[in-house]
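> My structure is below; once you've seen it, I'll send some questions.
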Amino acid sequence: MRGWGFREALKYPLLWPLYGLCIADLSWLTFSATRTLLFNPDVTLDHNNNPEPWQAYREGRYRLWAGNYDYSKLKCKAPIFKDNDVIPVENGDD
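Residue numbers for the sequence shown follow the numbering used here, beginning at 3 and rising by one.
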């Protein structure tokens, strides 16, 4: 086999499944990377206008199913990051 061209690939039909799987993998990689960049709220490409995108989702619900639990009354225990300083949150569990 001299090259990876289309005409060379046609001469070896036993390698067709390998080529098909490689094309399918590259297609899935392109699709999933594009979907993550466009639709995931945690991914940002513009750090100048939105330097800390995770702060907008502090009080959100991140479980697929949580029963009848009301997340609006739950206080977030994660620290607040602002201007390169960490502001600890009082838990009240002491």
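All residues carry an ideal CB built from backbone N, CA and C; glycine is no exception.
Remember, predicted model here, so these are calculated numbers, not experimental data.
Rounded to whole angstroms, what's the CA-CA distance from LEU40 to LEU20? Just pull it up for me.
For this step, residue 40 is matched to residue 38 along the sequence shown. For this step, residue 20 is matched to residue 18 along the sequence shown. About 30 Å.
> Do you know how far the Cα of ASN42 is from the Cα of HIS49?
On the sequence shown, position 47 is the one that residue 49 refers to. On the sequence shown, position 40 is the one that residue 42 refers to. Distance between the alpha carbons of HIS49 and ASN42 is about 15 Å.
> Could you tell me the alpha carbon to alpha carbon distance between GLU10 and PRO53, rounded to whole angstroms?
Within the sequence shown, numbered from 1, the residue matching residue 10 stands at position 8. Within the sequence shown, numbered from 1, the residue matching residue 53 stands at position 51. Their Cα atoms are separated by approximately 50 Å.
> Do VAL45 and THR36 come within 8 Å of each other at the CB atom, strictly closer than that value?
Taking the sequence shown and counting its residues from 1, one reaches residue 36 at position 34. Taking the sequence shown and counting its residues from 1, one reaches residue 45 at position 43. No, the pair does not count as a contact, with Cβ atoms beyond the cut-off.
> Can you tell me the Cα-Cα spacing of LEU17 and PHE83, whole angstroms?
Within the sequence shown, numbered from 1, the residue matching residue 17 stands at position 15. Within the sequence shown, numbered from 1, the residue matching residue 83 stands at position 81. Whole-angstrom Cα-Cα distance: 53 Å.
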